[in-house]
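Sequential numbering from 3 applies to the sequence shown in the numbering used here.
Glycine is no exception: its CB is placed at the ideal position from the N, C-alpha and C atoms.
On a predicted model such as this, the values are computed, not experimentally measured, just so you know.
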Amino acid sequence: MRWTATIMLVIMAGVFIGTKQVLDLHPAWGYVHAFSEAAMVGGLADWFAVTALFRHPLGIPIPHTAIIPENKDRIADTMADFLRTNFLTPAVVARRMQAMNIAKAAGEFLVQPTKGSQSRIGAGASELIAGILESLDPDRLGGQVKAGLKSQARKIEIAPLLGQMLQTAMADKRHLPLIDALVRWSGLTLEDNEDLVRDMISERANGIIRWTGLDGRLSKSVLDGLYKLLAEVLVDPEHPLRDKIQEGLEQLADDLVNNPDMQAKVERMKNEVLENEAVARWWEGVWERMRAGMIRMARDPETTLGGQIGDSLAELGKALRDDARLQTQVNRFARRTAVGVATRYGDQIVRLVSETVRRWDARTLTDRVENAVGRDLQFIRINGTVVGGLVGMTIHFADQWI
């Protein structure tokens with residue numbers, strides 16, 4: 003637009019020079035000459051006016067030019083005062099909010115689907131949750147999770163808890179499958195370690211027994227006896243060894259609940275386990291699997307997490323859209339909140355505007371204002387050229403008739 007206005011001015015100058023030579027040929031050339039002469043005056047005057055807003059014309063420091071950069075701070079204060087006086091007063095905010103149904107608009111926004119069954123904000127909330135989980139530092143967060151779990155585990159007195167669980171299981175006969183499993187495990191362990199048992203018996207036998215070869219028979223007899231005992235315990239629910247195991251479990255449960263020495267021993271074992279690095283790495287692995295699972299759930303609208311977010315927000319949106327009483331309450335709350343913000347923080351808001359503009363250098367402010375309104379200002383130059391020409395032609399016409 004600047005080039006357009008400048009070219010028009012140059013054309014008018016060319017017309018002025020050209021028509022100067024043909025004024026005597028016909029009276030009409032006088033009107034054209036007058037038009038071009040006045041158009042140059044109007045165009046140059048408006049060029050000066052527009053340029054003076056942003057800089058010194060031709061770099062000459064003429065008074066009252068470069069108005070915007072020279073008065074930057076005053077403009078900032080004026081803008082802030084205008085904003086505070088006309089927009090951020092409680093009365094203006096309340097009157098504007100009175101005509102707005104924020105609750106209904108929010109409800110319609112929440113129920114509008116864009117991704118499957120999710121609302122727009124539901125999909126955004128799911129993506130936000132996933133983004134937050136992905137952005138967290140796995141090592142640091144894993145350490146925090148580990149420290150938190152360890153801290154909570156230290157606070158739990160595990161011995162009484164284990165004792166009560168064992169007593170409850172025994173009262174309901176739920177420990178019997180555990181005894182059977184223990185007997186089977188003992189038999190399999192014995193079978194896998196027969197050679198070790200034979201070596202132990204042979205080492206403990208005296209020289210005469212080893213010389214006569216009786217140590218082998220003795221080992222076989224011991225193993226056969228143990229296998230027979232385990233088999234009898236497994237098939238006979240009333241076997242005396244089961245009673246011994248039962249008594250031992252009952253005593254263990256009672257010690258866990260009531261014996262301080264046993265409780266202290268269990269606590270030491272618990273603390274040793276918690277301090278074990280392998281357990282720490284296991285906790286971190288558990289957290290990473292949980293985090294990856296939550297990310298997948300948040301990004302999948304069909305899963306529980308993604309679906310629940312969308313469904314919950316959609317239900318809220320329907321309530322806000324359809325319930326007039328709820329709309330009244332929400333709108334009243336929003337209005338009071340906005341008025342409160344304007345009352346308490348209005349000065350800080352306008353101060354932010356003023357300080358931001360003050361921090362701009364003169365060149366930055368000039369460029370931003372000129373980019374915003376400069377195109378329209380160039381129309382002033384164009385209009386000045388055209389209007390000036392018409393005025394000049396009118397004056398010439400009046401001069402001919404007077």
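- Annotation note: the region 28-108 contains the following uninterrupted alpha helix (DSSP H) runs of length 4 or greater, listed N- to C-terminal: 30-56, 69-72, 74-88, 92-100.
- About 5 Å separates the Cβ atoms of isoleucine 69 and leucine 55, confirming a contact at the 8 Å cut-off.
- The beta carbon of alanine 78 is closer than 6 Å to those of Ser356, Val359, Arg360 in its chain, skipping five residues each way along the sequence.
- Histidine 398: member of the alpha helix (DSSP H) spanning 364-403, first to last residue.
- For glutamine 23, the three-state secondary structure derived from DSSP is coil.
- Below 8 Å, enough C-beta pairs join the region 83-97 and the region 338-350 to call them touching: three or more.
- Nearest to glutamate 240 by C-alpha distance, out of Asp263, Leu178, Asn278, Gly227, is Leu178.
- Separation of glutamate 196 and lysine 230 (C-alpha to C-alpha, rounded to the nearest whole angstrom) is 15 Å.
- Burial of leucine 11 is indicated by the presence of at least 16 other C-beta atoms within 10 angstroms of its C-beta.
- Assignment of proline 239 by DSSP, reduced to helix, strand and coil, places it in the coil class.
- Short of 8 Å from the beta carbon of asparagine 273, and not among the five residues preceding or following it, lie these beta carbons of its own chain, in chain order: Arg156.
- Within 10 angstroms of the beta-carbon of valine 237 lie fewer than 16 other beta-carbons, which makes it exposed.
- Between glutamine 331 and threonine 6, the CB-CB gap reaches or exceeds 9 Å.
- Between alanine 105 and valine 259, the C-beta gap is not smaller than 9 Å, which leaves the two residues out of contact.
- When rounded, the separation of the alpha-carbon atoms in asparagine 373 and methionine 292 is 52 Å.
- Short of 6 Å from the beta carbon of alanine 82, and not among the five residues preceding or following it, lie these beta carbons of its own chain, in chain order: Val352, Val355, Ser356.
- With a cutoff of 9 Å on beta-carbon distance, alanine 51 and glycine 394 are scored as not near each other.
- With a 10 Å radius around the Cβ and a threshold of 16 neighbouring Cβ atoms, serine 38 comes out buried.
- Around the beta carbon of glutamine 265, 16 or more other beta carbons lie within 10 angstroms, which makes this residue buried.
- Three or more Cβ pairs closer than 8 Å define a contact, and the region 165-176 meets that threshold against the region 250-259.
- With at least 16 other beta carbons inside 10 angstroms of its own, histidine 35 counts as buried.
- Taking a contact as a CB-CB distance under 8 Å, the pair alanine 96 and arginine 337 counts as one, their CB atoms being some 6 Å apart.
- Non-local C-beta neighbours of methionine 3 in its own chain, meaning closer than 6 Å and more than five positions away in sequence, comprise Arg377, Gln380, ordered along the chain.
- Secondary structure note for asparagine 333: its alpha helix (DSSP H) is the uninterrupted segment 326-361.
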